[in-house]
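**Q** Right, I'll just put the structure down here and ask away after.
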Amino acid sequence: MLAAPSRLRQSADFQQTVRQGVRAGRPHLVVHLLFRQVEEPARIGFTVGAQVGGSVTRHRVTRQLRALSQPLLRTLPAGTNVVVRALPNAATVGFQTLAAELPEALSSALRKAQR
RNA sequence: CGAGUUGGCCGGGUGAUCGCGGCACGAGAGUGUCGAGGAAAGUCCGGGCUCCAUGGGGCAAGGUGGUGGGUAACGCCCACCCGGGGUGACCCGCGGGACAGUGCCACAGAAAACAGACCGCCUCGAGUGAUCGAGGUAAGGGUGAAACGGUGGUGUAAGAGACCACCAGCGCGGCAGGUGACUGCCGCGGCUAGGUAAACCCCACCUGGAGCAAGGCCAAGAGGAUCGCUUGCGAUCUGCGCAGACGAGCUGCCCGCUCAAUGUCUGCGGGUAGGCCGCACCAGGCCACUGGCAACAGUGGUCGCAGAUGGAUGAUCACCCUCGGCUAUGCCGAGACAGAACCCGGCUUACAGGCCAACUCGUCCC
RNA sequence: GCACCGCUAGCUCAACUGGCAGAGCAGCUGACUCUUAAUCAGCGGGUUGGGGGUUCAAGUCCCUCGCGGUGUA
Numbered sequence: 000m001l002a003a004p005s006r007l008r009q010s011a012d013f014q015q016t017v018r019q020g021v022r023a024g025r026p027h028l029v030v031h032l033l034f035r036q037v038e039e040p041a042r043i044g045f046t047v048g049a050q051v052g053g054s055v056t057r058h059r060v061t062r063q064l065r066a067l068s069q070p071l072l073r074t075l076p077a078g079t080n081v082v083v084r085a086l087p088n089a090a091t092v093g094f095q096t097l098a099a100e101l102p103e104a105l106s107s108a109l110r111k112a113q114r
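Throughout the first sequence, residue numbering follows numbering that gives the first Met the number 0, covering 0 to 114 in sequence.
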């Protein structure tokens, strides 16, 4: 589990990020990103729906994404909110595929947001 | 050796690196330690715990259903009885009551529950005759899931428990065994009484309601009474709005009791979740002994065993294990069902593969 | 967490107290027409979500499992 200040913890935060932020997709996941003008650490959250699979596979995907997010968190500017949404086919591919797609999607979203 | 029955267990292992949550210690960096399951699942039962209610009487409603025992309790478990299945080990059974009452039994059939008689059979009468009428009878026929005991004989106009023998079944009595369900034996009776209660129902026994978003504390906010003290409500709110109904409450209803038109309830709309506690040490696991057929209980020893809140057990690598494929001393791929959320006892359902024990039947050998 | 509802032909729905599973649309065949549509005649199509039980007999009653959905906190 990430530290509490680095997590999105409320449903409202998720909705705000997904609706107002920019979006960058890859075949197995989507990254939503939103800059906020506050001096807080960057925060990240995960959305893994029931379409991905049962409880066991959902948790497995969440853990893999969380493990990948740990080093990427430092590279984000302060006040950034990120929501990583797993697509239904995310459980069918291995860790290596997700490890390649997440940094790509994140940097792509950052470029979009800075424009 | 083959075929089978029952019960129990495991359900990947070891190591390294980078990470996560709880707890303990520490000023801190950090160190140490623990960290998913047999079903954590479905939510079908039972309890603990918490709050609310709880003066009495009656009626409902729901559940359970052989007997005895186990248990905190159960719709669970154990043993036994009865019925059914299997050569057998063993398995299956919502397994009380059908003379307390009511209902239903389609189609077919003469007739479907209480006796009756369609075709028959027999006697008498009428008629030349086909046949008709009166009466007796229920053996035979056919229908059906089910037809008023079965077989053989006596008997008769034809027949019939009308009578007899045996058998099946019912009721009563006695003796014996068992805590009991019940079983065995003997005698007597009338000769025969359909099914359905997972149809209503009757009988016996059990059940107050809600649920950890229970509930408590703090912070913050709002309203009323009077400044304070203080009092009531307080996220299950509303003296925020609109509309409607009516006496209301005693958590289903009635009696009864209590309170009261500034009261109470209902519907629609509107609004509200910050932290801490509850929270993890118990009907606890394992081992031994004792009692018991067993479920289980008692005594002693020993162990400490998840506690998150967008929610902790992940990622990678190496070797080993199991399985599958192949170009086969190796290579490649796969590793069941499934993720704790207040806790516990059961039930049910899912589950690759494997292990152990007891027992049964068959065949062969000693 | 608690309280409920539904599952029937390819689709939308019936089947009263247990008693032969049906209707409309769709499909197929034929007729009408130069052809199509419309119309007319006919035909096929069902493990009643799965399994088990009670009953002579189950879509209906009971138990259990699955899928989908609703209300409420």
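Here a beta-carbon is modelled for each residue, glycine too, at the ideal position from N, C-alpha and C.
What residue from Lys-111, Thr-61 and Thr-91 has the CA that sits closest to Ile-43's CA?
**A** Put simply, of Lys-111, Thr-61 and Thr-91 the residue whose alpha carbon is nearest the alpha carbon of Ile-43 is Thr-61.
**Q** Looking at C-beta atoms only, is the number of pairs between the segment 85 to 99 and the segment 21 to 29 that lie closer than 8 Å three or more?
**A** yes
**Q** Go to His-58, then tell me how far its alpha helix (DSSP H) extends in each direction, as first and last residue.
**A** 54 to 71
**Q** Taking DSSP as the reference, what is the three-state secondary structure of Val-21?
**A** strand
**Q** Start and end of the alpha helix (DSSP H) containing Ala-104?
**A** 94 to 113
**Q** Quick check: Arg-65 and Phe-45, are their CB atoms within less than 8 Å of each other?
**A** yes
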